[in-house]
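Numbering (the UniProt record's numbering), first residue to last: 1 to 301. Each residue gets a CB set at the ideal place from its N, CA and C atoms; glycine is no exception. Just below is one structure, and these are the notes that go with it.
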């Protein structure tokens with residue numbers, strides 16, 4: 001008798017199918033690799049999808065130079081495995097001008113380093129399809145984006161111009177100059193990701209687990225002081241508190257949450273009880289009303 005697939009097995013099979021469809025319908029695909037938990041799951045799925053071969057596409061890290069030190073460590077350790085090529089791109093204009101979240105603000109920092117940096121890399125390498133780890137449960141604009149999302153020649157997204165994806169039938173065709181953003185984890189939830197990480201024993205950045213870390217409370221957000229580039233405001237003194245991160249980005253723009261969840265089982269239990277959004281700690285999501293949708297329309301991940 002055939003055994004019914006579990007919930008995670010169905011999600012895994014769907015994601016692998018999406019990856020294979022995208023690769024078959026593209027000439028030069030790439031996987032965007034931000035080193036977070038979703039990227040870790042996506043990389044693990046890609047290895048399963050194309051085993052025993054090396055990945056048929058490189059991984060691209062759009063580097064802002066402001067990620068957590070532990071993220072860079074895991075990125076380099078993952079690349080050392082040797083089963084994929086890692087491309088790292090930094091926006092040269094940002095490097096030249098020293099763009100940072102303190103002097104220039106979170107909006108300019110994100111737009112220049114991430115959005116413009118990503119578009120530069122996609123144009124330079126002439127990628128026609130890019131895998132991203134976004135999930136529909138993360139944020140309202142991501143909830144309405146298709147699994148295979150068409151972008152214009154300028155990498156812009158038009159939410160009013162989307163294709164139907166009935167019965168998991170995906171259309172990989174595009175007009176000349178257009179590219180695709182492909183989201184294999186669209187139907188996963190944050191809890192699904194954590195349960196899959198536990199099931200598959202996937203390496204992730206230790207920052208996702210609670211530990212004593214130096215933080216300051218700034219504008220209602222706990223910001224970890226990860227290096228000496230972070231200027232302290234008058235009266236601010238880093239305090240060691242038990243915190244972890246539900247989402248990871250540039251460290252000055254990523255808020256921690258107080259927690260004692262130091263193991264995968266603890267994190268999953270915490271997820272079952274939480275009533276707050278995963279991205280509440282992302283400062284960039286609070287720049288303006290519908291800011292994520294505006295960023296995506298301009299070419300953001």
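Report task. Throw me the rounded Cβ distance for the residue 183 and residue 149 pair, which I believe falls under 8 Å. Result -> 7 Å
Report task. Go through the segment 207 to 254 residue by residue and report every complete run of the alpha helix (DSSP H) that reaches 4 residues or more, in order. Result -> none
**Report entry** Bridge partners - residue 134, DSSP secondary structure assignment
**Finding:** Looking at the DSSP assignment, residue 134 forms no beta bridge with any residue, so it has no partner.
Report task. Determine the closest residue to residue 84 out of 111, 71, 44, with distance taken between C-alpha atoms. Result -> 44
Query raised in the report: For residue 42, which residues does DSSP report across the bridge?
Result: Residue 42 pairs with nothing; no bridge assigned.
Query raised in the report: Taking Cβ to Cβ, would you say residue 117 is nearer than 8 Å to residue 32?
Result: no
**Report entry** Runs of beta strand (DSSP E) lying entirely within the segment 39 to 121, each at least 3 residues, in chain order
**Finding:** 59 to 62, 86 to 89
Report task. Have a look at residue 23 and residue 52 and give me their C-alpha separation to the nearest angstrom. Result -> 16 Å
Query raised in the report: Among 87, 81, 123, which one has its Cα closest to the Cα of residue 61?
Result: 87
Query - Nearest candidate by alpha-carbon position, reference residue 178, set 156, 186, 169, 167 - result: 156
Query raised in the report: residue 169 by DSSP, collapsed to three states: which one?
Result: coil
Query - Residues of its chain near residue 143, where Cβ-Cβ distance is below 6 Å and the 5 sequence neighbours each way are ignored - result: 136
Query raised in the report: Taking the Cβ atom as the reference point for each residue, do residue 106 and residue 253 lie within a distance shorter than 8 Å?
Result: yes
Query raised in the report: When DSSP builds the beta bridges, which residues end up paired with residue 182?
Result: 131, 148
Requested in this report: Could you say which of 81, 19, 34 lies nearest to residue 57 if we only look at CA atoms?
Outcome: 19
Query - For residue 31: DSSP bridge partner residues - result: 59, 131
**Report entry** Rounded separation between residue 256 and residue 78 - CA only
**Finding:** 24 Å
Query raised in the report: Taking Cβ to Cβ, would you say residue 168 is nearer than 8 Å to residue 213?
Result: no
Query raised in the report: For residue 124, is the classification buried or exposed, using 16 other Cβ atoms within 10 angstroms of its Cβ as the cut-off for buried?
Result: exposed
Query raised in the report: Would you call residue 245 buried or exposed, if buried means 16 or more other Cβ atoms sit within 10 Å of its Cβ?
Result: buried
Query raised in the report: How far does the alpha helix (DSSP H) with residue 298 in it reach, from first residue to last?
Result: Unbroken run through residue 298: none, as it is neither H nor E.
Requested in this report: Would you mind sorting residue 102 into buried or exposed? The rule is 16 or more other CB atoms within 10 Å of its CB.
Outcome: exposed
**Report entry** Residue closest to residue 189, alpha-carbon to alpha-carbon, out of 272, 112, 238
**Finding:** 272
Requested in this report: Over the uninterrupted alpha helix (DSSP H) stretch that includes residue 270, give me the two end residues.
Outcome: 264 to 273
Query raised in the report: What is the rounded straight-line gap between the Cα of residue 259 and the Cα of residue 224?
Result: 14 Å
Report task. Taking all protein chains shown into account, decide if residue 59 is buried (16 or more other Cβ within 10 angstroms of its Cβ) or exposed. Result -> buried
**Report entry** Separation of residue 222 from residue 29, as counted between CA atoms
**Finding:** 37 Å
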